[in-house]
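Chains as they are written, first to last, in the UniProt record's numbering: chain A, 1 to 148; chain B, 1 to 416; chain C, 1 to 459.
C-beta atoms are modelled at their ideal positions from N, C-alpha and C, and glycine is treated no differently.
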Amino acid sequence: MTFYNFLSSILSYVFTFIIYLFIFGVIRLIYLDVKKMSRFENNSVSGVETASLKTLHGKNQAETELKNRYMIYGEAVIGRSKTCDIVLREKYVSNQHVRIWFEKGEWYLEDLGSRNGTEVNGQRIRQRVMLDPQDEISIGGLRFVFEL
Amino acid sequence: MGKFKGLNYRRPAYLLMLMNMFGFGLLFVANSYNPNILYVGAGLLGLFILMYTIIVLCRMGDKFIMLMACMLITIGVLLLCRIKIDYGIRQIMWVAIGGAAFFTVYVVYYNIRFWNRMWFLYLALGTGLFLATLLFGKVVNGSKNWISLGGFSFQPAEITKILFIMFLACYYSGSWNKPFLRLKPKWVTMLGTYLFIGFLVLQRDWGTILVLFAIYIFMIYVYEKGYGFLAGNVGVAAIVALLGYKFLYHIQVRVSAWLDPWSDIADKGYQITQSLFAIASGGYFGRGLGNGSPNYIPEVHSDFIFAAVCEEMGVFGGAAIIILFFLIAYRCFKISITAQDPFDKAVCLGLTLMFAVQTFIIVGGVIKMIPLTGITLPFVSYGGTSIVVNFASLGIIQAISAKEERGTGGAGHESK
Amino acid sequence: MNPNKKIIRVLVVVCVMFLSLVTYLLYFNMFEAEEVATNPYNKRQWEDEKFVKRGTIYDRDGVVLAETEVSGDERIRKYPQGRLYSHVIGYCSKVYGKSQLEMKYDKELLGQGDIAISFNELRSGYDLTLTIDNDLQQYAYDQLNGREGAVVALEPTTGKVLAMVSYPDFDPSAESLEKNWNAIVEREDSPLLARATQGLYPPGSTYKIATAAAAYETGRITETFQDNGKFERDGLSVDNYGQAAYGEIDLKRAFEVSSNYAFCTLGYEMGPEKVLEEAERFGVGKEFGFDIPVEKSEIQYKKMTAQDAALVSIGQGQLLMTPLHVAMMGAAVANGGKMMQPYLVDTISTASGLTLSETKPAVLYDVMDAGCAEYLDTLMQGVVANGTGKSCQISGITVAGKTGTAENETDQDHAWFVGYAPAENPQIAVAVLLEYDGGAGGTNAGPIARNVIRKYLQK
Numbered sequence: 001m002t003f004y005n006f007l008s009s010i011l012s013y014v015f016t017f018i019i020y021l022f023i024f025g026v027i028r029l030i031y032l033d034v035k036k037m038s039r040f041e042n043n044s045v046s047g048v049e050t051a052s053l054k055t056l057h058g059k060n061q062a063e064t065e066l067k068n069r070y071m072i073y074g075e076a077v078i079g080r081s082k083t084c085d086i087v088l089r090e091k092y093v094s095n096q097h098v099r100i101w102f103e104k105g106e107w108y109l110e111d112l113g114s115r116n117g118t119e120v121n122g123q124r125i126r127q128r129v130m131l132d133p134q135d136e137i138s139i140g141g142l143r144f145v146f147e148l
Numbered sequence: 001m002g003k004f005k006g007l008n009y010r011r012p013a014y015l016l017m018l019m020n021m022f023g024f025g026l027l028f029v030a031n032s033y034n035p036n037i038l039y040v041g042a043g044l045l046g047l048f049i050l051m052y053t054i055i056v057l058c059r060m061g062d063k064f065i066m067l068m069a070c071m072l073i074t075i076g077v078l079l080l081c082r083i084k085i086d087y088g089i090r091q092i093m094w095v096a097i098g099g100a101a102f103f104t105v106y107v108v109y110y111n112i113r114f115w116n117r118m119w120f121l122y123l124a125l126g127t128g129l130f131l132a133t134l135l136f137g138k139v140v141n142g143s144k145n146w147i148s149l150g151g152f153s154f155q156p157a158e159i160t161k162i163l164f165i166m167f168l169a170c171y172y173s174g175s176w177n178k179p180f181l182r183l184k185p186k187w188v189t190m191l192g193t194y195l196f197i198g199f200l201v202l203q204r205d206w207g208t209i210l211v212l213f214a215i216y217i218f219m220i221y222v223y224e225k226g227y228g229f230l231a232g233n234v235g236v237a238a239i240v241a242l243l244g245y246k247f248l249y250h251i252q253v254r255v256s257a258w259l260d261p262w263s264d265i266a267d268k269g270y271q272i273t274q275s276l277f278a279i280a281s282g283g284y285f286g287r288g289l290g291n292g293s294p295n296y297i298p299e300v301h302s303d304f305i306f307a308a309v310c311e312e313m314g315v316f317g318g319a320a321i322i323i324l325f326f327l328i329a330y331r332c333f334k335i336s337i338t339a340q341d342p343f344d345k346a347v348c349l350g351l352t353l354m355f356a357v358q359t360f361i362i363v364g365g366v367i368k369m370i371p372l373t374g375i376t377l378p379f380v381s382y383g384g385t386s387i388v389v390n391f392a393s394l395g396i397i398q399a400i401s402a403k404e405e406r407g408t409g410g411a412g413h414e415s416k
Numbered sequence: 001m002n003p004n005k006k007i008i009r010v011l012v013v014v015c016v017m018f019l020s021l022v023t024y025l026l027y028f029n030m031f032e033a034e035e036v037a038t039n040p041y042n043k044r045q046w047e048d049e050k051f052v053k054r055g056t057i058y059d060r061d062g063v064v065l066a067e068t069e070v071s072g073d074e075r076i077r078k079y080p081q082g083r084l085y086s087h088v089i090g091y092c093s094k095v096y097g098k099s100q101l102e103m104k105y106d107k108e109l110l111g112q113g114d115i116a117i118s119f120n121e122l123r124s125g126y127d128l129t130l131t132i133d134n135d136l137q138q139y140a141y142d143q144l145n146g147r148e149g150a151v152v153a154l155e156p157t158t159g160k161v162l163a164m165v166s167y168p169d170f171d172p173s174a175e176s177l178e179k180n181w182n183a184i185v186e187r188e189d190s191p192l193l194a195r196a197t198q199g200l201y202p203p204g205s206t207y208k209i210a211t212a213a214a215a216y217e218t219g220r221i222t223e224t225f226q227d228n229g230k231f232e233r234d235g236l237s238v239d240n241y242g243q244a245a246y247g248e249i250d251l252k253r254a255f256e257v258s259s260n261y262a263f264c265t266l267g268y269e270m271g272p273e274k275v276l277e278e279a280e281r282f283g284v285g286k287e288f289g290f291d292i293p294v295e296k297s298e299i300q301y302k303k304m305t306a307q308d309a310a311l312v313s314i315g316q317g318q319l320l321m322t323p324l325h326v327a328m329m330g331a332a333v334a335n336g337g338k339m340m341q342p343y344l345v346d347t348i349s350t351a352s353g354l355t356l357s358e359t360k361p362a363v364l365y366d367v368m369d370a371g372c373a374e375y376l377d378t379l380m381q382g383v384v385a386n387g388t389g390k391s392c393q394i395s396g397i398t399v400a401g402k403t404g405t406a407e408n409e410t411d412q413d414h415a416w417f418v419g420y421a422p423a424e425n426p427q428i429a430v431a432v433l434l435e436y437d438g439g440a441g442g443t444n445a446g447p448i449a450r451n452v453i454r455k456y457l458q459k
């Protein structure tokens, strides 16, 4: 057995270890990814109502990059906190800013006591309001269009 | 918190780099400090970092598929370098070209919206390639499936696989419903499928036949309403396969070499038994990179590379490759399921099945679970056409995934 | 139409496909890989030998039995004793693989498991010292004198194999083997079969030792038998050898004259349960590890009847044993009822003479208590003194033994003898089998055993 053979046999265990660690890492990331989307999976199966917030890029001055569209499946809490369904990491967005949900055939919105407020079609809202398609919603200064 | 999360996110990528450095470092020692090994390793590492960074930065959709494909390529190039350095050097060039193809196809597929209307083009191009192969092709290992153009050879069958999938997707996405020559599109796709398979029979490319047919059968299963058409196709195929077994010597040899390779080790069973010797000698953890004798296996750089992996990296290494392919297939299935546009959905499903079936056929063949039919193991085997085409397929899947993630999937293809 | 549901089903199918690949791969590696890897066509097996000089095999006195000559890249395995050890040491051919000790001790002979890292130098494998006495082996071979069969000699107190000869044999040198392989394989008398360890034969009357032990344990040794020369019960009819009738006899006499009537009666009356139990005590149907491959002695009945028990009690029926096992049976009696684990390889040592491992004698089965062994000892001494084994008497030495003449599928009986000596302080136990000999064990097999014993004790 030469020195190289010896080294290589030892490293064969290292390789196996690295590959499986890699696979494990990928599976973990995929799992996290799926968990994030699991709400979608469940709702699409049970046929829960969906709506979306389309970002009005032209009118926003965001610090972070916003998605073109945020999907809402039945219910969504929007805010800066990681626990929210839709996370907006923006300066003027409160941890738990606003909630949008579907109830008895209608979509509703309520402000969760945010510091910088929520506006629907330019109106600052204080209590829950019913939403219509194409309503423009402003969350801490970020503008979206509510679409079904 | 954000920083920490980012680190986690990149961890598999770091492991891949670690694997690359360890592996090529070891081969560098094994090949008496041949610097070419290091160049190959560094080149591969560079290509991987470049591609992965572009995908992440440009938000090109799914990040995992390319990560796993890169792991497969790393293992493949390691083994190729170990078998013969020339293979490794050429493979890395193909990977570079493949990477370019990946991004080109990504951009082209992403921006063109009328793919679903060109079924005739796919059929005509595929047929043309097959005819060219029959006329100008050269015979390699008993299969006439290579075309040589000015010192540059390629396998048209690999390209026709993508054309075939696009062709099927045209009909099954529902965007093609006008009869052609009074034939319903359903029958045209069927005839097209059997036309392609017929050409492949003439080329004796049994592996690709199995891949195309499996894709077709799965497509029928997913998209046709009843099971009658499916049963009919499977039934006809079974009868044809039986007849083929009775009258075609090539098929008989393959089946008998599968059932009992040990009775004729020196001749018909040679390939498969050499492959099994390699796997059996590897054990669970392998004999170590550079310690084995993969060169005893015929065609070890292309069809039989899985046996070499098993010998030097062990059954666990082999299982890891299978798991990686499964994860790739899983991600692609997921993209196909979430894709909004029917054409994207069908194309993605077809390409996914192509990867999955091809892997199953060649790995199953090499370990003697099913009869052996020569076909490359995607991303791992040596082969220019194979690498470029597989990257191009990934490019399409990536584009579909990106459309979905950016929420532009709904726009989709033009429909009439 | 939403195809997603069906796509998920396709995903499940793909999942099953990949899972089956992994399962098959693991299955292959667990259950088939070893056999495949040692297939002689697997060229990998010879790679290690490039760097190693295969170890030498010695007899217990240091006589070389197998050694490797190195000339450049060539490795030639030489067997100075020629065919004598073809069934013990076996062969070592690049074309046909390895057998017997060359196979079982391949790793040791190649010095593997040794992390001495030497840089591409030629290294020596480990040497084996066997328990075999080369002179005795040669003598036993000569005594067999070309007759098909086997001779096994053991040291009863330790289980050391002193001699183990099987015939017909073959020239184990790789050159000859590769030239004559087809002829050897096709020969009807199967020279490749190591009869001593892998040949299964009905033990015939030698098995009456076990039946007598069962009789002792069930308290039947005072019984007498009315032997009219023929055992007849429930349609089963067994004659004594040569249709002899011995009249009224006790068990000791029945053992000496090898009365089938008496032992069939015993077996019939003790019943299948006791007969099977006794067989198991002697190790029939059980595997025991040995230094070379050994066939398991067997007793094969789906449901054993009393007639079957009667037949097994005289070593016929579905009972088959190897000559090695029959020798162990005799040695167990000689060793006060303890059957020792037999072994061939005494020590493993490096080329420089450092002993790496030494086999320690170990009890394999506690077959019977000392009283029973003593009783059997008197019976077996009687066989040689005034029974069927008179041909084994040696002046000045008390020999104990048992003859056997086993019926088989042909009309040529196997001749058996198993015995040991000196009875007071046994030093050697011998089993002799002459395959399809046609003669009686006492007259044909006995003298071979006697000569082997005498040769060993005179040393």
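Close Cβ partners of residue i (< 7 Å) along its chain, the five nearest in sequence each way excluded
{"i": "A13 (chain B)", "result": "Y52, L67"}
{"i": "D369 (chain C)", "result": "G337"}
{"i": "G90 (chain C)", "result": "K98, S99, Q100, L101, E102, M103, P172"}
{"i": "residue 419 (chain B)", "result": "Because chain B in this structure spans residues 1 to 416, residue 419 (chain B) falls outside the shown range and cannot be described."}
{"i": "I397 (chain B)", "result": "I65, C332, I335, C348, L351"}
For residue i, the first and last residue of its enclosing beta strand (DSSP E)
{"i": "T322 (chain C)", "result": "Per DSSP, T322 (chain C) belongs to no beta strand (DSSP E) and is neither H nor E."}
{"i": "A37 (chain C)", "result": "Careful: A37 (chain C) lies outside any beta strand (DSSP E), inside the alpha helix (DSSP H) at 33–37."}
{"i": "G43 (chain B)", "result": "Counting along the chain, G43 (chain B) falls outside any beta strand (DSSP E), though it belongs to the alpha helix (DSSP H) covering 35–57."}
{"i": "G130 (chain C)", "result": "A small fix is needed here, since residue 130 (chain C) is Leu in this sequence, not Gly. 127–130 is the extent of the beta strand (DSSP E) around L130 (chain C)."}
Residues near residue i in its chain [Cβ-Cβ closer than 8 Å; skip 5 each side]
{"i": "M1 (chain C)", "result": "Because M1 (chain C) carries a pLDDT of 46, less than 50, the predicted location of this residue cannot be relied on, and the following value inherits that uncertainty. Cβ neighbours of M1 (chain C) beyond the five flanking positions: none."}
{"i": "V45 (chain A)", "result": "Low confidence applies here, because V45 (chain A) scores a pLDDT of 41, under 50, leaving its location unreliable; read the following figure in that light. Within the same chain, V45 (chain A) has no close Cβ partners at all."}
Contacting residues, own chain, Cβ-Cβ under 6 Å from residue i (five flanking each side not counted)
{"i": "R406 (chain B)", "result": "none"}
{"i": "residue 422 (chain B)", "result": "Lying outside 1 to 416, the shown extent of chain B, residue 422 (chain B) is not represented and no answer is given."}
{"i": "T388 (chain C)", "result": "S258, T403, G442"}
{"i": "S8 (chain A)", "result": "none"}
{"i": "E41 (chain A)", "result": "Bear in mind that a pLDDT of 48 at E41 (chain A), under 50, signals an unreliable position, so the number given afterwards is only what the model happens to contain. Cβ neighbours of E41 (chain A) beyond the five flanking positions: none."}
{"i": "P342 (chain B)", "result": "S173, G174"}
{"i": "D61 (chain C)", "result": "none"}
{"i": "Q64 (chain B)", "result": "The identity of residue 64 (chain B) in the sequence shown is Phe, whereas the question assumes Gln. Taken in chain order, the residues that qualify are R331."}
Identified DSSP bridge partners for residue i
{"i": "Q226 (chain C)", "result": "C:E248"}
{"i": "S237 (chain C)", "result": "C:E232"}
Limits of the unbroken alpha helix (DSSP H) element including residue i
{"i": "I397 (chain B)", "result": "384–405"}
{"i": "D142 (chain C)", "result": "134–144"}
{"i": "A378 (chain C)", "result": "The amino acid occupying residue 378 (chain C) in the given sequence is Thr; Ala does not appear at that position. Segment 370–386, the alpha helix (DSSP H) holding T378 (chain C)."}
{"i": "F326 (chain B)", "result": "305–338"}
{"i": "I215 (chain B)", "result": "206–223"}
Per-residue contacts from residue i into chain E (C-beta, under 8 Å)
{"i": "Y296 (chain B)", "result": "Among the protein chains in the structure shown, which are A, B and C, there is no chain E."}
Discussion item. I want to know whether the region 256–267 of chain B touches the region 292–299 of chain B - three or more CB-CB distances under 8 Å.
Written reply: By the C-beta criterion, the region 256–267 of chain B is judged not to be in contact with the region 292–299 of chain B, since fewer than 3 inter-stretch pairs fall below 8 Å.
Fill in: In chain order, each beta strand (DSSP E) run of at least 3 residues that lies wholly inside the region 63–122 of chain C
Within the region 63–122 of chain C, the beta strand (DSSP E) runs of at least 3 residues that lie entirely inside it are, in chain order, 64–71, 74–78.
Item to complete: Please confirm if the region 6–26 of chain A is in contact with the region 279–293 of chain B, defined as three or more CB-CB distances below 8 Å between the two stretches.
Response: Counting C-beta pairs with one atom in each stretch, the region 6–26 of chain A and the region 279–293 of chain B have three or more that are closer than 8 Å, which means they touch.
Worksheet item: When the Cβ atoms of the region 158–172 of chain C are set against those of the region 65–83 of chain C, are three or more pairs found closer than 8 Å?
Response: Two segments are said to touch when three or more pairs of C-beta atoms, one from each, lie closer than 8 Å; by this definition the region 158–172 of chain C touches the region 65–83 of chain C.
Worksheet entry | Given 8 Å, three or more beta-carbon pairs between the region 51–63 of chain A and the region 310–322 of chain B | Three or more beta-carbon pairs separated by less than 8 Å are not found between the region 51–63 of chain A and the region 310–322 of chain B, which leaves the two stretches without contact.
Discussion item. Does the contact criterion of 3 or more C-beta pairs under 8 Å hold for the region 305–318 of chain C versus the region 225–238 of chain C?
Written reply: Taking one beta carbon from each stretch, the region 305–318 of chain C and the region 225–238 of chain C have 3 or more pairs nearer than 8 Å; the two touch.
Practice prompt. Would you mind listing the beta strand (DSSP E) stretches within the region 265–351 of chain C that are 3+ residues and don't spill past its ends, in chain order?
Written response: Whole beta strand (DSSP E) segments, 3+ residues: 338–340, 345–349.
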